[in-house]
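Working notes, beginning with the structure itself.
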Amino acid sequence: MTADWYDLAQRLYAARSRTVVARLSGAPVPRLSNPVAIRARQHRAGITVTAAAPGRAEATARGTDALTLLHDFGVRITAGSRRTLVAGDTSTLPALLALAHSAGPDGAQADTAAHLAWWADRADFPGSSAVVSLTACCQARWITGTGPAAENRLGTWLAWLAVPGTGCPAMLALLDRVQAGRPLTLLEWIERADADSWAFARRGHDGGRDWRQPDSTGQAATGLRARCDTTDLYAAALLTDPLFRRRAVHTGHVVTGIAATAPGSKNAIIVTCDRADARLRAGDDITGWAGDPGDSPADRFAGTVAATGISAGTLTVTITGTRASVTPGGTRVTICPAAPDPMVQQLGRTRLRELYRTRTSWLTTGRAPAVVRRDVPLDIVVAAAGAGSGG
Amino acid sequence: MRTIPAAAPPAPAQGGTGGAAAPAASRPPETAQGGQGWPGRDLLTAPETAQVLHAAWSGDPAIVVPSPPGAGKTRLVTLLAAALSDRAGMRVGIAAQTRQQAIELARRAGTLGVHAVLIWPRSQPRPASGSTPPVSGSRIRFPVQGGGIMIATTARWLYCDPHSHYCDIMLVDEAWQATYADIGALGAFAGQIVCVGDPGQIAPVVTGAVSRWERDPRGPHIPAPDALRAAHEDALTVVPLLHTWRLGPATTAIVQPAYYPHLPFASKRPPEHLAGPSGQLPEIAHRPVPAPGGPDDPLLTAACAARVRELAGGHQLHTAAGARSLAPADIAVVAPHVSQAGAIRALLADMPDVLTGTANQMQGLERPAVVTLHPLAGYREPGGFNADPGRACVMLTRHRAHLTVITDPLAARADADGTTLLSRLLDTPQV
């Protein structure tokens, strides 16, 4: 079965049962303590913002009044705690960023604009506690009995999950459904990165840094690395969920098979896989356990893929660095890529930042390079001119 | 930007048209000690490679070498490193994009008799790097006097100390697979940088969102040479390589205008072809296989496997060295998706020597004969992953003597404007 067929089967079941089918058993976002649901639209007359928060009624304002409204909702970089943007569509955040650009450089509106700019930056980080896209989170957590395109609309989810009300209050009610239950493992690291980023943005604002300025080469490089690290971490977080793993068998990200002791080695096993479409490659670090993808045992083994191959029409994966006694011959096992180590990721970002602080390099600073010439032997000059030396 | 004017590409070699292969120019030699006196001397046999050496030696800060598939990029990097370290006495760093590429560069450097080391994690099994030793920890260092070469992956370089491991020049192999963010960090290790790579192939793998820089030609996610050109055009020296030693004239005629409009290259491949019971096979051909079941239709993977069996059963490979039977190890299959590659591998379980994989896995590899499952096969609308030009370019440039493309006539309807590559492939002979 392919993942497409798996999805279709779930979708057909949802249509028949007229209820959503779960794709995750955990929540794809951490528990949020300070959400504000916002709907923003750009019109010729300006930008209209409607907002609501737990304990605060829905309110609407336009133009600079919209900035004041958001400021009143606690959306300001100088606030004691950061707000989480809860958006129900893809047009709200661009409209908020446009609103931020309309703010003056100082004062309360600038405080709000800096918070909006921080949201725009963190929106690139999946699993973040800074910005929650309700439709994306719902699609991660459930599947409906409608077509995939309909799942991009907030109304589809409000209807399928029978969430009462309309507008921003309904968005907050939907958020409660999305974040119900235990958050996926590893999301706490993404939340920690959100907190660090928030503190950095606050310090920058206090120090007079203008968020409108484009990134330096170093900021862009570390920003990209942070995005990639978070994306990789979120992908690993999804694989910690047993329901997600069942689907991932059909994409090749989770491998099932029968383990056997590798001949002549106490620290290697060979897994004869059920399917041939595994994405594991030599050099990949793995984690595994005895049992099926839906199991979540505490007792796991780790190792590194030493080789993959086809034997008698079946894919075999040789794993080293794991004690063969952990998986006696004939044991049914499940293998996943090992999750990235957040501490190692952090170390990598720190290293990258340090390299970009090397002020002597024209590449790290972005300055024009200074050319230092060397004398070139005549035979090379002649050959480069096209005559060639003929070897 | 200084683009070194190159001589016009020579007339294509007469490959793939004659009967028995005639002796012809072979791939440029890579001899130990370069034949006479100093390693890397072979660079002087072609003006463009001599120009790269001249630019690097004379001190040009940024040199970009765009190269078509099969132009000898790895050869250029190793010879350039050998020449600069041995004859110019420079400390040369080489950054590869994968461990396999690093091992291959180290192995080749080892054959040239120069001082080279491969930076390698102590925890990993010893690589097959030939006479170039893998080193870690305190053994990562240049010789006290004279030049030397240090080879590592880009990722590994970032954990080195830019002060104690400072180089005179950094050579970046497969530079179009590196991001500008990568190259910027490597800049901390050297004041000069040489980027060698193939601009037509798969872009760097970037998992994170890049919307923040999507309109910035110097964005950190952009392939390094392209961003270098945008950021430092005045400091850039561009020396294009003009010949492919892998692709024959028929493939070059299709691939060059489609994927390399700014890199006019020609085929210098010696005559090479396959011949079967019904005569000589065309260099590039297609086989239509309707796939009503979409990209996972078993008809597609079965057609790939069947074509491999046809080729392996009674076809002769004719090269300058003579004729011999085509062996399974001479054949590769390239599929767009992991699931398709897995299915084909299973169908060919009795032929384990056939190389089967996705475009990403096949980058840098070649075989005399290749069967490719067209990236749009099974799709009714091109777009996204399946229409990525870099991926398609890799899939159509892995062969030397013969390529069969399995196409889907139903998919062709989505490509009816006649301007895309699939339409051109339909003009090739049908097999």
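Top to bottom, those sequences are chains A and B. The first sequence begins at 902 in this note's numbering and counts up by one. The second sequence begins at 2 in this note's numbering and counts up by one. Beta carbons: idealized from backbone N, C-alpha and C, even for Gly. Bear in mind that the values here come from a model prediction, so they are computed numbers and not experimental data.
What span of residues does the alpha helix (DSSP H) with residue i cover, start to end?
i	result
B/Val78	74-87
B/Leu237	Note, B/Leu237: premise wrong, no alpha helix (DSSP H); beta strand (DSSP E) at 237-239.
A/Phe1101	1088-1107
A/Thr1056	Strictly speaking, residue 1056 of chain A in this sequence is Gly, with Thr absent from that position. 1055-1061 is the extent of the alpha helix (DSSP H) around A/Gly1056.
A/Gln1247	1243-1257
A/Leu1264	1263-1266
A/Pro1164	Unbroken run through A/Pro1164: none, as it is neither H nor E.
A/Arg1148	1143-1149
B/Ser340	339-348
A/Leu909	904-918
Quick one: using the 10 Å Cβ neighbour count with 16 as the cut-off for buried, is residue i buried or exposed?
i	result
A/Phe1145	buried
B/Asn387	buried
B/Pro1	The displayed coordinates of chain B run from 2 to 432. Any statement about residue 1 of chain B would go beyond what the structure contains.
A/Gln1114	exposed
A/Trp906	exposed
B/His338	buried
A/Thr1235	buried
B/Ser130	buried
B/Glu31	For B/Glu31, the pLDDT reaches just 49, beneath the cut-off of 50, and the residue's location in the model is therefore unreliable, leaving the point undetermined.
B/Asp61	buried
B/His164	exposed
B/Asp43	buried
Do you know offhand how far residue i's Cα is from residue j's?
i	j	result
B/Pro24	B/Arg401	Because the pLDDT of B/Pro24 is 32, which lies under 50, any placement of that residue in the model is unreliable, and the number read from its coordinates should be weighed accordingly. In a straight line, the C-alpha of B/Pro24 is about 16 Å away from that of B/Arg401.
A/Asp1130	A/Ala1136	10 Å
B/Arg88	B/Ala191	19 Å
A/Ala1285	A/Pro1238	49 Å
B/Arg308	B/Pro70	24 Å
A/Ala967	A/Ala1100	25 Å
B/Pro134	B/Leu374	40 Å
B/Gly379	B/Ala412	6 Å
A/Tyr1257	B/Val406	45 Å
B/Ile120	B/Glu284	41 Å
B/Thr429	B/Arg288	10 Å
A/Ala916	A/Asp1196	27 Å
A/Ala996	A/Ser1003	11 Å
A/Leu1267	B/Ile141	The question names Leu, but residue 1267 of chain A in the sequence shown is Gly. Answer to the nearest angstrom: the Cα atoms are 28 Å apart.
A/Ala1161	A/Ala1024	45 Å
A/Gly1192	A/Arg1233	6 Å
A/Thr951	A/Asn935	17 Å
B/Leu80	B/Ala267	22 Å
B/Ser340	A/Ala1179	8 Å
Got a sec, what are the start and stop residues for the beta strand (DSSP E) residue i sits in?
i	result
A/Trp1190	1186-1191
B/Cys196	194-198
B/Arg325	323-326
B/His287	285-289
B/Met151	149-154
B/His55	Here B/His55 belongs to no beta strand (DSSP E); instead the alpha helix (DSSP H) covers 48-59.
A/Val937	936-944
B/Met171	170-173
A/Ala1169	1169-1174
A/Glu959	957-963
Between the Cα of residue i and the Cα atoms of the options, which residue gives the shortest distance?
i	options	result
B/Leu237	B/Val207, B/Val53, B/Tyr380, B/Ile285	B/Val53
A/Arg1260	A/Leu994, A/Ala910, A/Ser1117	A/Ser1117
A/Val930	A/Val921, A/Val950, A/Thr985, A/Arg940	A/Thr985
A/Gln943	A/Arg932, A/Ser992, A/Gly927	A/Ser992
A/Asn1053	A/Gln1040, A/Lys1167, A/Ala1063	A/Gln1040
B/Val66	B/Thr208, B/Ile194, B/Cys168	B/Ile194
B/Ala259	B/Gln202, B/Arg123, B/Asp169, B/Pro40	B/Gln202
B/Ala251	B/Pro241, B/Leu243, B/Glu273	B/Glu273
B/Trp246	B/Gln146, B/Pro126, B/Pro369	B/Pro369
B/Leu397	B/Ala321, B/Pro296, B/Gln257	B/Gln257
B/Arg392	B/Leu172, B/Val118, B/Val206, B/Ser326	B/Val206
B/Trp214	A/Gly1108, A/His1106, A/Leu1125	A/Leu1125
Assess, as a yes-or-no matter, whether the segment 911-923 of chain A is touched by the segment 974-983 of chain A under the definition of 3 or more beta carbon pairs within less than 8 Å.
-> With a cut-off of 8 Å, the segment 911-923 of chain A and the segment 974-983 of chain A do not count as touching, because too few Cβ pairs lie within range.
Please confirm if the segment 1095-1110 of chain A is in contact with the segment 1015-1027 of chain A, defined as three or more CB-CB distances below 8 Å between the two stretches.
-> A contact between stretches requires three or more CB pairs, one per stretch, nearer than 8 Å, and the segment 1095-1110 of chain A meets this requirement with the segment 1015-1027 of chain A.
Are the segment 1214-1230 of chain A and the segment 1267-1276 of chain A touching, with three or more C-beta to C-beta distances below 8 Å?
-> No, because fewer than three Cβ pairs between the segment 1214-1230 of chain A and the segment 1267-1276 of chain A fall closer than 8 Å, the two stretches do not touch.
Are the segment 1078-1090 of chain A and the segment 1032-1052 of chain A touching by the rule of at least three beta carbon pairs closer than 8 Å?
-> Judged by pairs of C-beta atoms under 8 Å, the segment 1078-1090 of chain A touches the segment 1032-1052 of chain A, as three or more such pairs exist.
Decide yes or no for the touch test of the segment 101-116 of chain B against the segment 45-63 of chain B: beta carbon pairs closer than 8 Å, at least 3 of them.
-> The segment 101-116 of chain B and the segment 45-63 of chain B do not touch, with fewer than 3 CB-CB distances between them shorter than 8 Å.
If you pair each beta-carbon of the segment 84-104 of chain B with each one of the segment 217-227 of chain B, do three or more pairs fall below 8 Å?
-> The segment 84-104 of chain B is not in contact with the segment 217-227 of chain B.
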